[in-house]
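Chains as they are written, first to last, in my numbering: chain S, 24 to 492; chain L, 24 to 492. Built from N, CA and C at the ideal position, the CB exists for glycine as well. Values in this document were obtained by computation on a predicted structure and should not be read as measured data.
2 protein chains.
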Amino acid sequence: MSDQPNQVDAIVIGAGSGGLTVAVGLSQFGKSVVMIEKADVGGDCTNVGCIPSKSLLHHSAHQEGRPGAEILAKVRERRDYLRDHETEEFGAKEGIDLQFGTARLVSPQRVSVTRPDGVVDVYEAKNVIVATGSHARRLPIEGLPADRYLTNEELFEQKTVPQKLVIVGAGPIGIEMATAFRRLGTNVVVLDAAPRILPLYLPEASAVVQRSLEAAGVDVRAGVVAKSFDGSTNTLHVGPLDGLAADKIDDVDRVLMAVGRVPNSADIGLEEIGIEMDRGRIVIDAKGKTSVDGVWACGDVTTEGATTHAANAWGRRIIKHILAPVAPAGERPLHPAVTFSDPEAATIGDQPEVVPTDVRRIVVDYSSADRSFTDEVIDGVIIVDVRRFRGTVLGATIVGPRSGELISVFSLAMKNDIRFNKWYGTVWPYPSYADALGKAVDVYMGEALPNIHKEFAAWAGGKIKRLIK
Amino acid sequence: MSDQPNQVDAIVIGAGSGGLTVAVGLSQFGKSVVMIEKADVGGDCTNVGCIPSKSLLHHSAHQEGRPGAEILAKVRERRDYLRDHETEEFGAKEGIDLQFGTARLVSPQRVSVTRPDGVVDVYEAKNVIVATGSHARRLPIEGLPADRYLTNEELFEQKTVPQKLVIVGAGPIGIEMATAFRRLGTNVVVLDAAPRILPLYLPEASAVVQRSLEAAGVDVRAGVVAKSFDGSTNTLHVGPLDGLAADKIDDVDRVLMAVGRVPNSADIGLEEIGIEMDRGRIVIDAKGKTSVDGVWACGDVTTEGATTHAANAWGRRIIKHILAPVAPAGERPLHPAVTFSDPEAATIGDQPEVVPTDVRRIVVDYSSADRSFTDEVIDGVIIVDVRRFRGTVLGATIVGPRSGELISVFSLAMKNDIRFNKWYGTVWPYPSYADALGKAVDVYMGEALPNIHKEFAAWAGGKIKRLIK
Chain S
24 MSDQPNQVDA IVIGAGSGGL TVAVGLSQFG KSVVMIEKAD VGGDCTNVGC
74 IPSKSLLHHS AHQEGRPGAE ILAKVRERRD YLRDHETEEF GAKEGIDLQF
124 GTARLVSPQR VSVTRPDGVV DVYEAKNVIV ATGSHARRLP IEGLPADRYL
174 TNEELFEQKT VPQKLVIVGA GPIGIEMATA FRRLGTNVVV LDAAPRILPL
224 YLPEASAVVQ RSLEAAGVDV RAGVVAKSFD GSTNTLHVGP LDGLAADKID
274 DVDRVLMAVG RVPNSADIGL EEIGIEMDRG RIVIDAKGKT SVDGVWACGD
324 VTTEGATTHA ANAWGRRIIK HILAPVAPAG ERPLHPAVTF SDPEAATIGD
374 QPEVVPTDVR RIVVDYSSAD RSFTDEVIDG VIIVDVRRFR GTVLGATIVG
424 PRSGELISVF SLAMKNDIRF NKWYGTVWPY PSYADALGKA VDVYMGEALP
474 NIHKEFAAWA GGKIKRLIK
Chain L
24 MSDQPNQVDA IVIGAGSGGL TVAVGLSQFG KSVVMIEKAD VGGDCTNVGC
74 IPSKSLLHHS AHQEGRPGAE ILAKVRERRD YLRDHETEEF GAKEGIDLQF
124 GTARLVSPQR VSVTRPDGVV DVYEAKNVIV ATGSHARRLP IEGLPADRYL
174 TNEELFEQKT VPQKLVIVGA GPIGIEMATA FRRLGTNVVV LDAAPRILPL
224 YLPEASAVVQ RSLEAAGVDV RAGVVAKSFD GSTNTLHVGP LDGLAADKID
274 DVDRVLMAVG RVPNSADIGL EEIGIEMDRG RIVIDAKGKT SVDGVWACGD
324 VTTEGATTHA ANAWGRRIIK HILAPVAPAG ERPLHPAVTF SDPEAATIGD
374 QPEVVPTDVR RIVVDYSSAD RSFTDEVIDG VIIVDVRRFR GTVLGATIVG
424 PRSGELISVF SLAMKNDIRF NKWYGTVWPY PSYADALGKA VDVYMGEALP
474 NIHKEFAAWA GGKIKRLIK
C-alpha cells in the first residue's frame with residue numbers, strides 16, 4: 024500500500040448501471056472520478072440481467088429456424104459486444120479512471136482497492152458512491168448437483184437448451200425466463216412459495232400472465248417450494264413451504280433459482296464506518312445520501328428499488344446533490360416496473376390488494392381495444408387507482424402487448440400530477456392499445472357524472488367544466 | 024312519403040365511426056336517435072379501412088405457414104364478424120333506431136330516407152348530425168381494366184395474393200398495404216407524385232420508413248405518377264406529373280389507388296340548406312356545428328381530420344354541445360396520426376419542415392435505446408419541437424417499433440401543457456423504447472443548462488429549480 028492515497032473528486036464503487044450513471048455524470052461536470060469494478064463493466068444488467076434476458080426474449084420470439092443453441096450463442100455474442108463496448112468507452116472517458124479490483128471503505132473518505140495481482144491502492148475523495156449491486160439468492164436444494172443448479176449468472180452460459188427446466192421463483196426473472204425457454208422448446212415448470220405468480224403485482228395481473236404461460240405449455244405450480252433432488256432419477260421433490268414433499272417433477276435437466284436478490288453489501292466496510300443498513304441494504308435519504316456524510320449509494324445495494332432504471336434515477340439524484348449540495352431533494356422518483364412476459368406486465372405506484380375506501384379502482388379489459396381485435400389479443404387488463412373526488416392517479420397496472428411502453432403515459436402523468444379527469448379529452452390514436460386507456464378514463468368520467476341532467480346547469484355555469492373539456 | 028315526419032331528438036346520417044359515437048352517446052343520455060346508413064354499419068373503418076388493414080398487417084406478420092389467400096380470407100372473416108356484431112349491437116340498442124337507406128337533408132331539421140325498396144320516409148329532429156364519411160379518390164389510368172384497378176374498397180375482397188402490385192400513393196394507406204403485401208410475397212412498387220413517401224411526415228421520418236420498405240424489397244419510386252396501362256403486356260407507364268412517361272413497370276397484376284379521400288358530401292342536400300363547405304368538406308366550428316344551426320358534422324366529411332379517432336373526438340364534442348348548448352367549446356382536440364408501417368410512424372402537433380427560429384427541434388436516434396440493442400433495431404428517430412425558453416411541446420414525430428403507443432405520452436402531455444422541462448425526472452422503465460424519449464429530454468435539459476458551473480448559485484437558490492428536479 025502506498026503511503027499517500029490518490030486524491031480524486033469522487034470514488035465510485037461498482038461499474039454497473041448506477042455507478043456508470045454517477046461516474047459519467049460527474050466527469051461531464053469536470054469532476055475527477057475513479058470507478059472501481061470487481062468483475063465486468065456494465066454490472067448485472069449488461070452481463071447477466073436485462074441485456075441477455077431481453078435479447079433472449081427477442082431471439083426466442085424470432086427464431087427464424089435457428090436451433091436453440093445458436094440462439095443462446097447469439098445472446099452471448101450480443102452481450103459480449105456490449106460489455107466490450109462499455110468497457111472500452113468508459114475506460115477511455117476523460118475524467119474517469121476505471122480500475123479493476125475489490126474495493127473496501129477504510130473511512131468515509133478513503134477506499135482501498137485490492138487488485139487482481141494483490142497490490143493494494145488507496146484513494147481519497149470528498150464523495151464516495153457505493154453502487155455494488157446485488158447477486159442472486161441461492162437457496163440450497165438437497166441433493167442437487169452444482170452443474171444442474173443455475174442462477175441468472177450461469178443461465179446464459181448454457182451451451183444447449185435444457186430439455187426440462189424447473190424455475191424456482193415466479194418473480195419477473197423467473198417468469199421472463201419461463202417465457203423465453205418455453206419458446207425454445209424447453210419443458211418448463213415454475214414453482215413459487217407464494218399462492219400465485221408475480222406476487223408483487225395485483226392478482227388480476229398475475230392471472231393474465233399465468234393464463235398465457237399455461238396456454239403456452241408452462242407448468243405453473245404456486246404454493247410450493249423445491250425440497251430435494253434425487254440424482255438417480257433426476258427427480259425434484261416439491262411441496263408446500265411448511266409441509267412435506269407431496270409432489271415430484273421427473274427428468275429434471277436444470278433448476279433455475281430466481282427467488283430474489285441479495286445486496287452486495289458484505290465485506291466492503293459499510294458497518295465499520297457506521298452506515299445505516301436495513302436487512303443488508305443501505306438506507307439512503309431523498310438525495311441518495313447514506314447516514315454518513317460524503318457517502319452515497321444507489322442501485323440494488325440500497326433500499327430504493329432493484330432495477331436499472333431505479334439505479335439510474337438515483338444516480339442522477341446523487342450527481343445533482345454532489346454538484347449542488349443545498350438544492351432541495353424533491354419527491355422520491357416514481358419507478359415503474361415491467362415484466363417482459365408475453366404479454367408484458369407493467370405497473371407503477373401503489374396499488375394495495377384491498378382497495379382503500381377513498382380510492383376508486385377502475386378495471387378495464389385490455390382486449391376491449393379494437394387493436395386487440397385486429398391483433399387477436401383476447402386477454403389483458405388495465406387497473407387504475409384514482410383518489411376519489413380529487414382524481415389523483417395513485418397507481419396503475421397494465422398487462423397486455425406493449426404495456427411496457429404504455430405505462431410511460433402514467434410515469435409522466437403521475438410525476439406531474441395530471442389528475443384522471445384531466446386525461447379526458449385526450450385523443451388516443453386508433454387503433455392503438457392506448458384506446459383501452461381511453462376506456463378507463465371514460466369509466467371514471469361516467470361515474471364522476473352520475474346524473475348528467477341534474478348537472479347541466481352547473482356545467483353550463485362552469486362548475487364542472489374542469490371535468491369535461 | 025308519409026304526410027307527418029317521424030319526430031326524434033336527433034338524426035344521425037352515417038353509421039361509421041363518427042355517427043356511431045354520436046348515436047350511442049346521445050341515446051345513453053336518454054335522447055331518441057334515428058341513425059341512417061346507406062351501406063354497412065361500421066363505415067369505412069370496420070369494413071374497408073382500419074380493421075381489415077390492421078388485421079392484414081397482423082396476420083401477414085404472423086403467417087405461421089398459412090398461404091396468402093388463406094390470410095386474406097381470415098381478414099374478411101374477422102371483418103365480417105365485427106360488422107355483424109356492430110350491426111346487431113347498434114340495431115338493438117335502446118334509443119337508437121337504425122335505418123338502412125339514402126338520406127337527404129330536406130331542411131335543417133328534416134331528413135328524407137329513401138329505402139332500398141324505394142319507400143321514402145321523413146324524419147324531423149332539432150339536431151341533425153352529418154357523418155357520411157369519405158371514399159377513395161379514383162384517378163383514371165388510361166387503358167387499365169376495371170378488374171385490375173383497386174381501391175381500399177376492393178382490395179380486401181381479393182381472393183388471391185397479387186404477384187405484382189403497384190400502389191399509387193405513398194400516404195398511410197399505401198405504405199401500410201405495401202408493408203402487408205410485401206410480407207405476403209407480392210412484388211410491390213410504390214409511386215408518389217411527391218418527392219418522398221409519407222409526405223405529411225417530416226423528411227427524417229419518411230426516410231426511416233422508406234429504408235425499411237426498400238430493405239424488405241419494396242420498389243419505391245418518388246416523384247412519379249401512373250400515366251397509362253398497356254394491357255397487351257401488362258405494362259404500367261409512369262413518369263413525372265408534368266412530364267412524359269419515361270419509365271415503365273412490367274407484368275403488373277393489380278394497381279391499388281391510394282391517393283387520398285373524397286368526402287361524401289354530394290347529393291345529400293348540404294348546399295341547398297346553405298351549409299358552408301371548403302373544397303367539398305363541411306366546415307365546422309370548435310363545437311362541431313356547421314354554419315347552419317342544428318346541423319352538426321364530424322368525421323371524414325368535415326375539414327377536421329380523416330381518421331377514426333378524429334371522428335370519435337369530434338363526435339364526443341357534438342354530444343357535449345347538444346346536451347349542454349352554452350358550455351364552452353374549449354380548444355380543438357389534438358389528433359395524433361399513426362402509420363402502421365414497419366416500424367410504425369407516429370406524429371402529433373405541428374412540425375413544419377423548416378424549423379422556426381423560436382423553436383428548438385430535438386432529434387434523437389430511436390435505436391439509441393438499449394431496447395433497440397436487444398431487439399436488433401438499427402433505425403428510427405424521435406423528433407420533438409419545443410418552444411425555446413418556455414418549453415412548450417409543439418409537436419413530436421416518432422418512428423420506431425411501438426411508436427404508435429409511445430406517441431400517447433405526447434398526446435396526454437400536450438393536452439395538459441406539460442412543458443418539456445417538466446418531463447425531466449420521469450423514470451422510464453428499462454429496457455423500454457421510452458428510454459429514447461428520456462434521451463430527448465436529456466438533450467433538451469443539457470442545452471437548457473449550458474454552463475452548469477455558472478448556474479450553481481442560481482440553482483441552489485431556486486432560480487432554475489423549475490428546470491432540474
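Residues near residue i in its chain [Cβ-Cβ closer than 6 Å; skip 5 each side]
i: Gly485/L; result: Because Gly485/L sits at a pLDDT of 32, beneath the cut-off of 50, its placement in the model cannot be relied upon, and the following sentence gives the value as read from the coordinates. If we look at Gly485/L and ignore the five residues flanking it on each side, it has no Cβ neighbours.
i: Ile164/L; result: Ala249 and Phe252
i: Ala115/S; result: none
i: Gly48/L; result: Ile342
i: Asp274/S; result: Lys187 and Asn257
i: Lys492/S; result: Caution is warranted here: a pLDDT of 29 is assigned to Lys492/S, below 50, making its placement in the model unreliable, and no coordinate value can be reported.
Euclidean distance between Cα positions of residue i and residue j
i: His81/S; j: Glu367/S; result: 13 Å
i: Val450/L; j: Thr362/L; result: 27 Å
i: Val278/S; j: Val211/S; result: 10 Å
i: Glu100/L; j: Gly72/L; result: 15 Å
i: Asn439/L; j: Glu294/S; result: 48 Å
i: Asn29/S; j: Ala154/S; result: 20 Å
i: Arg219/L; j: Pro226/L; result: 8 Å
i: Arg160/L; j: Gly423/L; result: 30 Å
i: Asp458/S; j: Leu435/L; result: 13 Å
i: Ala320/L; j: Thr69/S; result: 55 Å
i: Thr258/L; j: Gly469/S; result: 58 Å
i: His108/L; j: Arg133/L; result: 30 Å
DSSP state of residue i mapped onto helix, strand, coil
i: Ser130/L; result: strand
i: Leu79/S; result: helix
i: Leu357/S; result: coil
i: Asp293/S; result: The sequence as given places Leu at residue 293/S; Asp does not occur at that position. Three-state result, Leu293/S: coil.
i: Lys250/L; result: strand
i: Pro473/S; result: With a pLDDT of 49 at Pro473/S, under the threshold of 50, the modelled position of this residue cannot be trusted; read the value that follows with caution. DSSP places Pro473/S in coil when its eight states are reduced to three.
i: Gly372/L; result: strand
i: Glu60/S; result: strand
i: Trp446/L; result: helix
i: Asp273/L; result: coil
i: Arg244/L; result: strand
i: Lys312/S; result: strand
Close beta carbons around residue i, own chain, < 8 Å, minus the five adjacent residues each side
i: Val143/S; result: Met24, Ser135, Val136 and Thr137
i: Val98/L; result: Pro75, Ser78, Leu79, His82 and Phe179
8 Å Cβ cutoff met for residue i and residue j
i: Leu128/L; j: Val145/L; result: no
i: Val247/L; j: Asp270/L; result: yes
i: Ala334/L; j: Ser40/L; result: yes
i: Ile272/L; j: Val261/L; result: yes
i: Val221/L; j: Val232/L; result: It is worth fixing the name first, because residue 221/L is Leu in this sequence and not Val. Yes; because the gap between Cβ atoms is below 8 Å, this pair is in contact.
i: Asp215/S; j: Ala169/S; result: no
i: Leu417/S; j: Val404/S; result: no
i: Pro286/L; j: Asp323/L; result: yes
Contact set between residue i and chain S, taken where Cβ atoms lie within less than 8 Å
i: Thr415/L; result: Within 8 Å Cβ-Cβ: nothing; Thr415/L doesn't reach chain S, min ~14 Å.
Within chain S, partners of residue i - CB distance below 9 Å
i: Ser434/L; result: Val432, Thr449, Val450, Trp451, Pro452 and Ala457
i: Trp446/L; result: Leu435, Lys438 and Asn439
Cross-chain neighbours of residue i in chain L, by beta carbon under 7 Å
i: Val361/S; result: Pro452 and Ser455
i: Asp398/S; result: His81
i: Ser78/S; result: Thr397
Any non-hydrogen atom of the ligand SAM closer than 7 Å to residue i Cβ
i: Gly303/L; result: Absence of the ligand SAM is noted for the structure shown, with no ligands found whatsoever.
Chain-ordered neighbours of residue i on chain S, where CB pairs are closer than 7 Å
i: Ala336/L; result: Val450
i: Glu428/L; result: Arg425, Glu428, Leu429, Ser455, Tyr456 and Ala457
Residues that residue i contacts on chain L, provided the C-beta gap is smaller than 9 Å
i: Ile74/S; result: Asp393, Phe396, Thr397 and Pro454
Close beta carbons around residue i, own chain, < 7 Å, minus the five adjacent residues each side
i: Ala84/S; result: Arg206
i: Gly254/L; result: Gly166 and Pro168
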